[in-house]
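Undergrad:
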Amino acid sequence: MTPPPNPSRGDRSTGGNPPSDPRRRAATPSGRPAVPRRTEPRRTEPRRTEPRRTEPRRTEPRPTEPRADRARATQRSTGGTSDRAPRADERRTPRRTAAPTTPLERPRAARDRGVGRPHADRAATPERTVRTPRPAAAPESTGRRRPTERGARPDGQRVVSRPVRARAKTRSVRGRRVNKRAARINQKVRGRVALTLMLSLLAAAMVKLVFVQVVNADSYAAIGADQRQRTIELPAQRGRITDATGTPFAFSVEGRRLAIRPTVFSDDIQRGQVADKIMAGLKGTQADGTITREQLLAKMKSGKTYLYVADKLTPAQADVIMASVYDILTDKNKRLKLTVKQKDKVINAVSTESQSIREYPSQSIGDAIVGTLGWDGHGLSGVENRFDSLLAGTAGSRTFDIQPSGTPIPGTVTSETPATDGSSIQLSINASGQYVIQQLLCDTVTQTGAQGGDIVVTDAKTNKLFAMASCKARKTPTESGNGAITNRIEPGSVNKVVTFAAALEAGKINEKMVLPVGYDITFDGGTTVRDAWVHPLLDMKVQGILAKSSNVGTLMIAQQVGKQAFYDMERKFGIGVKTGVELNNEDSGFLPPYDPDPAKSEWSAGSFANLPIGQGLSMTMVQLATMYQAIANDGVLVKPSIIQSTTSPDGKVEQSSRGAGVRVMSAKTARTLQKWLTATMQDGEGAENHGTAPFAAINGYQVAGKTGTAQQVVDGVYSKTEFTTTFAGFLPADKPQYVITLSLDRPTKGDREGGTNAAPLFHDVGSYLTDAMDVPPSTTKAPDYTPFFTVPAGENG
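Numbered by UniProt numbering, the letters in the sequence shown go through residues 1 to 797 in order.
1. Which one of G659, P262, I642 and L202 has the shortest CA to CA distance from N584?
2. Does the beta-carbon of K283 have 16 or more other beta-carbons within 10 angstroms, so that it is buried, or is it exposed?
3. Indicate the three-state DSSP secondary structure (helix, strand or coil) for T678 in the structure shown.
4. So is S389 buried or exposed if we call it buried at 16+ other beta carbons inside 10 Å?
5. Are the stretch 775-788 and the stretch 667-686 touching by the rule of at least three beta carbon pairs closer than 8 Å?
6. Within 10 Å of its beta-carbon, does K496 have 16 or more other beta-carbons around it, so buried, or fewer, so exposed?
7. In its own chain, which residues sit with a C-beta less than 6 Å from the C-beta of N689, not counting the 5 before and 5 after it?
8. Let me check understanding here. Comparing Cα to Cα, which of V264, T285 and D745 lies closest to T305?
9. For F762, count neighbouring C-beta atoms within 10 Å of its own C-beta (all shown protein chains included) and say buried if the count is 16 or more, exposed if not.
10. Counting C-beta neighbours from all protein chains within 10 Å, is the total for M773 16 or more, i.e. buried, or is it exposed?
11. Does the stretch 589-606 come within contact of the stretch 545-553, defined as at least 3 CB pairs closer than 8 Å?
12. Near E570, which residues of its chain fall below 7 Å by C-beta distance, leaving aside the five closest residues on each side in sequence?
13. Helix, strand or coil for A339, going by three-state DSSP, please let me know.
14. Return the first residue and the last residue of the alpha helix (DSSP H) that M300 is part of.
15. Any contact of the stretch 231-243 with the stretch 352-360, i.e. 3+ C-beta pairs under 8 Å?
16. By DSSP, does K304 sit in helix, in strand, or in coil?
17. Counting C-beta neighbours from all protein chains within 10 Å, is the total for L373 16 or more, i.e. buried, or is it exposed?
18. Give me whichever residues DSSP pairs with R663 in a beta bridge.
19. So Q451 and A473 are in contact, right, with Cβ under 8 Å, and what is the actual spacing, rounded?
20. Less than 7 Å between the beta carbons of A565 and A506, yes or no?
21. Taking all protein chains shown into account, do 16 or more other C-beta atoms lie within 10 angstroms of the C-beta of I223, making it buried, or fewer, making it exposed?
22. Can you tell me where the alpha helix (DSSP H) holding G750 begins and where it ends?
23. When the distance is taken between beta carbons, is I328 closer than 7 Å to Q273?
24. Can you list, in chain order, the residues of its chain whose CB lies under 6 Å from that of T528, leaving out five sequence neighbours each side?
25. Assuming residue 829 is part of the beta strand (DSSP E), what are its boundary residues?
26. For a minimum of 4 consecutive residues, which ranges assigned as the alpha helix (DSSP H) are wholly contained in the stretch 188-250?
27. Quick check on this structure: which residue in G659, P612 and K461 has the alpha carbon closest to the alpha carbon of Y567?
28. Near V739, what residues of its chain come up, given a Cβ to Cβ distance below 6 Å and the 5 sequence neighbours on each side ignored?
29. With a Cβ-Cβ cutoff of 7 Å, do A436 and I241 count as a contact?
30. Among all the DSSP beta bridges, which residues are the ones paired with N701?
31. According to DSSP, I489 sits in a beta bridge with which residue or residues?
32. Tell me, which residues are paired with Q273 by DSSP?
33. From what residue to what residue does the alpha helix (DSSP H) around Q560 run?
34. Quick one: what's V653 bridged to in DSSP?
35. Would DSSP call P22 helix, strand or coil?
36. With a cut-off of 8 Å, do at least 3 Cβ pairs link the stretch 742-753 to the stretch 429-448?
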C-alpha cells in the first residue's frame, strides 16, 4: 500500500518531470517502492543579535496542489507518464511551499526531497531544513535570542531555524524606511513663537506705514512729483539794443534748438541714418561747423537722457531737419517692424526747443560797446553784460507730467507762469558816426605805423558818448576790444590844462601876464626839466605858454599854484577814479596820493616836476574826454553815459540822466581856457605866430584843443624813442557841441609829435561831425595872440 504524501511538504512531482530514481518510483503512481532518503539535520549557529521588539511575522500558507494532482497535470500536458530521466534543460528548481504558521499545522512525517532531482545528486545533497515562523520575543528577554524549535523530524532530530539579526525600530512610509527618532515638538510653544513673529512683522509694517504716510508723507510726495513732473523754462524775449536814431545794434528773433534723446533710438543703424540727415540740415546755418558727425554719433550713443546738439536755427531750418528724420524714426521702410507704441516712443528721439537768436546787423560796428551773448543766452561783455537783467526780462515756467520715456503727456499742465519780456535800450552811440570814426582811427593807425589807438567823441553838454572806438594794428575792431575805457596812458601835455585851471581859479595868472621862460628848470632834489625845443630866455604870455606847450613855463605856473591846489584840481577832474560809464571793466587810471606830511605822501622829490606836464600819472580816454567836457561845459563836469533811454515791454520810455553835474571850476575860468585853447590851432607868419596843432584847424569853425606827446616807460625809465601822442579838444570853441579825445600808441612814422600825427585825426573827425550833424559855423573868428613871445632876430623856435 502506498503511503500517503507528506502533508507538511506537499507533492513535489507537480513540477512536471517524472521521477527518474528507481528507488523513488514506489512513491509514484507506477507502484514502485520509494526509498526514503537519509538526510542529516542542518546545524546552524545562532547569531548574537540584539532582541527585536517587534511582533512575529504572520504569513498565510501558499495554496498548493497535492503532489498527485500535479503529477496528473504533468501527464496530461505531456501525454502520459515517462520514466526517462529529465534533461539538464528540463530540470526545475523545486518550489518551496509556505511553512505552517501554527504548531497544529506542522506534520511530523519526513519529507521526500528527492522529487524532481536527478538520482546522481540525490545521495550527495543534504536535506535542507524547513524554516518556521520566528516566535515573538519574550518580555523578559535579556537581549540574546535562542534558536526556535520547529518540531521533530521522523528520524528524531530537531530542526533549528537560522537566527535572525535584530533590527532597529522602523516604519515604512510610502515605500521608504525611516527612523522613528523624530524629536518631539511642542505644538503650543511653536504656535506662540509663530504668533509672536507674525505680530512683530505686522507691527514693523505698521510703523513703516506711519512713517511713509504720516511722518515723511511730504517728502515722499515730493519725490514722486519729481519723478513724474517736469518744469521747463519759458524764455522771455530779450530786449533790443538800438543807436540814438533807432538803428538796431542787436535784436532777438525766434529760433530753435535741436536736441536728441539717446536712449530712445532703436539701433545704431537708425542712429547713423539720423546723424546723416541732421548734418545735411545744418549746412549753411549758424550751427554749421559747430559739431561733426563723429561728435554727433558719440552723443547719440552716450546713454544720456537729453542732449543739445545744435542751436541758433531758424524755425524753417529746424522744420527741414525734423521732416528729414521723420521717415527714419517712424520706420517707414518697415526695417524695424515697430509697433505703434514703439513708434510713439522713437518719434521723440529728435526734438526742438524754442530759442531766442541774437542778431547783430551792424556786424563789427560798435561790437566792443554792444557786446555779445554766451551760449546760455546771457551777456558776456559790453552793454549786453552790464544790462543783462534788464534786457533779458523774467523767464516764465510750465509744469507738466511726463511719460517714463521723458515725453510730455498732453493735457497734464498743472501750472504755467508767462514770461516777461526784457526792456529795450537805446544807446547814445550814433551807428553811422561810429562806423566813420572807427574807420578813420584804423586808417590813422596804419598811416602812422602805430601799434594801436583809441578815440572818444562825447556831447559837450550832456557827456553822452557819440562814438567810442579802439583799433589795434593787424586786428579787427572786434578783436581790439574797448581800449577807450580799459587802456590807461600817460597823457602828456593835454594834462597841462589842469595846471592852468588851478592857476586861474587861484588868481595866479591872467591874460596879460608875461613870464620869463628859459629852456630848462631845476627843482629841489636835482630834477631838471627841459622844453621840447631849444630856445633862449623868452618873455612869454600865459596863453602863448599853453599854445606852444612849454614845459618850463607850465612848471613855473605850477609852482605858483602849489602842490595841494594842483592835486585837488586833478581830483576834481576825476583823475584816478572811475567815471562810472555804463560799461564793465573800466580802468580808474592812476594819480599818486598827496599829503602835506611827507611821511604820508606818495609823491617823490620829482613828482611835482612831472605831474603838471602830464607825466607820472595815467588816465583813460573816457577820463580825458570828461576833463575837457567840463571845460567846454563852462566848468560843469557831467559823468559820461552811453545810455540814451530805456523802453519797457509795455512801451513806457524812460530817459537816462546822469544829473546836473558837478562844478569843478568857475564859468569864467572855463571860458578863459576855451579861448586860450584856440591859440593851439593858430597858424600865422613865423614861428611865434602859430601853435602846436595848426593841422587840427577846421575852416569856418573855432577849434579849441591841446596836443600831447608823452614818453612811455620802458624797463622802469622813460624811453626817448617810444611815445604816446594825444589830442584833446572841442568844437566849435565859441559854442561847444562835441568833445574829441584820441591817442596813438607808439607811432613810428613822421616826427612822432602829437601835432603832426594825432592833430590830423582830430581834424578829420571834426570835419565829419560838423558836416554830418549840421553843426553851424562859428560866427566870429578866433582871437589872435601875437606875439606869443619875444624872439631875438634869427631865432625860429
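For every residue, glycine included, the Cβ atom is placed at its ideal position computed from N, Cα and C.
TA: Looking at the coordinates:
1. If you compare the alpha carbons of G659, P262, I642 and L202 with that of N584, the shortest gap goes to I642.
2. It counts as exposed.
3. Residue state, collapsed to three classes: helix.
4. So S389 counts as exposed.
5. Flag = yes, the stretch 775-788 and the stretch 667-686 touch.
6. Using a 10 angstroms sphere on the CB of K496, the tally of other CB atoms reaches 16 or more, which defines it as buried.
7. Answer for N689: T786, listed in chain order.
8. With distances taken between Cα atoms, T305 lies closest to V264.
9. F762 is classed as buried because its beta carbon has at least 16 other beta carbons within 10 Å across all chains shown.
10. The residue is exposed, with fewer than 16 neighbouring Cβ atoms inside 10 Å.
11. Flag = no, the stretch 589-606 and the stretch 545-553 do not touch.
12. Contacts found: V498 and L591.
13. In the sequence under discussion, the amino acid at residue 339 is Thr, which differs from the Ala named in the question. In the structure shown, T339 sits in coil (DSSP, three-state: anything other than H, G, I, E or B).
14. Here the alpha helix (DSSP H) through M300 covers R293 to M300.
15. Verdict: yes, contact present.
16. Of the three classes helix, strand and coil, the one that applies to K304 here is coil, per DSSP.
17. The residue is buried, with at least 16 neighbouring Cβ atoms inside 10 Å.
18. In the DSSP output, where bridge partners are listed per residue, R663 has V636.
19. Contact holds; Cβ gap of about 5 Å.
20. Closer than 7 Å, so yes.
21. Exposed is the call here.
22. In the DSSP assignment, G750 falls outside any alpha helix (DSSP H), carrying neither H nor E.
23. Yes; because the gap between Cβ atoms is below 7 Å, this pair is in contact.
24. Correct list, in chain order: D520 and T522.
25. One cannot answer for residue 829 here, as it falls past the ends of the chain, which runs 1 to 797.
26. Here the runs fully enclosed are 217-228.
27. Looking at the Cα atoms, P612 is the closest of the given residues.
28. Contacts found: T458, A460, A625, Y628, Q629, A632 and F730.
29. Sequence inspection shows Val at residue 436; the Ala mentioned does not correspond to that position. Their beta carbons are not under 7 Å apart, which means V436 does not touch I241 by this criterion.
30. Here the sequence assigns Tyr to residue 701, which means Asn is not the residue at that position. Partner(s): I698.
31. I489 pairs with M619.
32. Per DSSP, none; premise fails for Q273.
33. For Q560, the enclosing alpha helix (DSSP H) covers residues N551 to V561.
34. Beta-bridge analysis with DSSP links V653 to T647.
35. Because the pLDDT at P22 is just 44, under 50, the model does not fix this residue reliably, and the point stays unresolved.
36. With a cut-off of 8 Å, the stretch 429-448 and the stretch 742-753 count as touching, because enough Cβ pairs lie within range.
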